[in-house]
Amino acid sequence: VSTAARPLRSEDGRLTGAVVVYSDVTGWVEALAAHQELVSNVSHEFKSPLNSIIGNIDLVLDDVAALPPHATQRLEVVQRNSERLLALVSDLSATASAALNVHPKRTDLASLVETSLGSAQALAGQANIELAAEVPSPLWAYADPLRIGQALDNLVSNAIKYSPGGGRVTVRALPGNRWVQLSVTDTGMGMSEAESSRVFQRFFRTDAARSASIAGAGLGLSITRMIVEGHGGTITCESAKGRGSTFTLTLPADGPPSSFQV
Ligand code: ADP
296 VSTAARPLRS EDGRLTGAVV VYSDVTGWVE ALAAHQELVS NVSHEFKSPL
346 NSIIGNIDLV LDDVAALPPH ATQRLEVVQR NSERLLALVS DLSATASAAL
396 NVHPKRTDLA SLVETSLGSA QALAGQANIE LAAEVPSPLW AYADPLRIGQ
446 ALDNLVSNAI KYSPGGGRVT VRALPGNRWV QLSVTDTGMG MSEAESSRVF
496 QRFFRTDAAR SASIAGAGLG LSITRMIVEG HGGTITCESA KGRGSTFTLT
546 LPADGPPSSF QV
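Below is the structure:
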């Protein structure tokens, strides 16, 4: 059941009552689950043949001396594209499971931020980007540590990927009463307002990302949004072209929010 409530007020602003709407969303939830299961099964079935293709190409390319030069080049193109296809299929199966498998509990977000920045350190080092955290420890939220860890990894790796060298990525926290906010700010290429309003749509990529040949399928942020909304939370993007971007997650601090779907 999904619930929504609105207060009723008289002209002078006094509370006179409330309207509560209960909607039966069983059919919608079942249809979504069937769709997600199909995507998850299909992408799972694609993974084994793709892994076999990649494994065999890798073996052939291990012995470059035995190959004519033009065959090596062509096989490298096949290898690159098979790897892209595998990454796409993995992202698609993540899209399916992100919506369904959210198991929130009392979780310290500060340690998730530390883990996420730790695993991004190598990538940031290569790109000459400094990582920083301004997060009090502990920072409790009602969150699934695996899923929110995945969301943070997506945001931090995007912040690095879409920033030129010499930049800085900062994760900040803004604790509230019933909500906790975490933001990931970069000093990178940024986006126009029109682009940032579409950034959570599946397969959307900016022209700047495409023309700079930065690898990506345009699925990471749609998965991130599904994860956050699966917690009853929200995610927003503020960005300025050429100046950088800030993505802000809002999560319930303690227990499911009142508008949570059951
Ligand atoms: P991917 O990075 O694989 O393309 P995402 O869904 O993570 O997919 O991001 C969608 C698009 O949003 C990216 O292709 C890029 O154009 C833009 N984008 C995401 N994060 C940033 C960022 N921090 N700075 C600038 N552009 C970004």
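Just so you know, we're using the UniProt record's numbering here: the sequence shown kicks off at 296 and counts up by one. Backbone N, C-alpha and C fix where the C-beta goes; we use that ideal spot for every residue, glycine too.
Query                                                                                                                          : Result
Per-residue burial, tyrosine 317 [other beta carbons within 10 Å of its own, 16 or more giving buried]                         : exposed
Cut-off 6 Å between Cβ atoms - residues of its own chain near serine 554, not counting five sequence neighbours on either side : Reliability fails at serine 554, whose pLDDT of 48 lies under 50, so the model's placement of it is uncertain and the value that follows must be treated cautiously. So no residue of the chain qualifies.
Heavy atom of the ligand ADP within 7 Å of leucine 418 beta-carbon                                                             : no
Whether leucine 381 touches tryptophan 474 by CB criterion (8 Å)                                                               : no
Span separating the alpha-carbon of arginine 309 from that of glycine 513                                                      : 48 Å
Three-state secondary structure assigned by DSSP to lysine 400                                                                 : strand
Nearest candidate by alpha-carbon position, reference valine 334, set Asp386, Leu418 and Leu362                                : Asp386
C-beta contact flag for alanine 417 and valine 451 at 8 Å                                                                      : no
beta-carbon serine 385 near the ligand ADP non-hydrogen atom, thresh 7 Å                                                       : no
Stretch-stretch touch, CB-based, cutoff 8 Å, three pairs: the region 320-339 with the region 355-366                           : no
CA-to-CA distance, aspartate 502 to glutamate 524, given in whole angstroms                                                    : 27 Å
First through last residue of the alpha helix (DSSP H) which encompasses aspartate 448                                         : 440-456
Valine 557 classed as buried or exposed, judged by whether at least 16 other C-beta atoms fall within 10 angstroms             : Bear in mind that the predicted position of valine 557 carries a pLDDT of just 35, short of 50, making it unreliable; the figure below should be weighed with that in mind. With fewer than 16 Cβ atoms within 10 Å of its Cβ, valine 557 is classed as exposed.
Alpha-carbon to alpha-carbon, serine 540 and methionine 484                                                                    : 8 Å
Beta-carbon proximity list for glutamine 374, same chain, < 6 Å, skipping 5 on both sides                                      : Ile352
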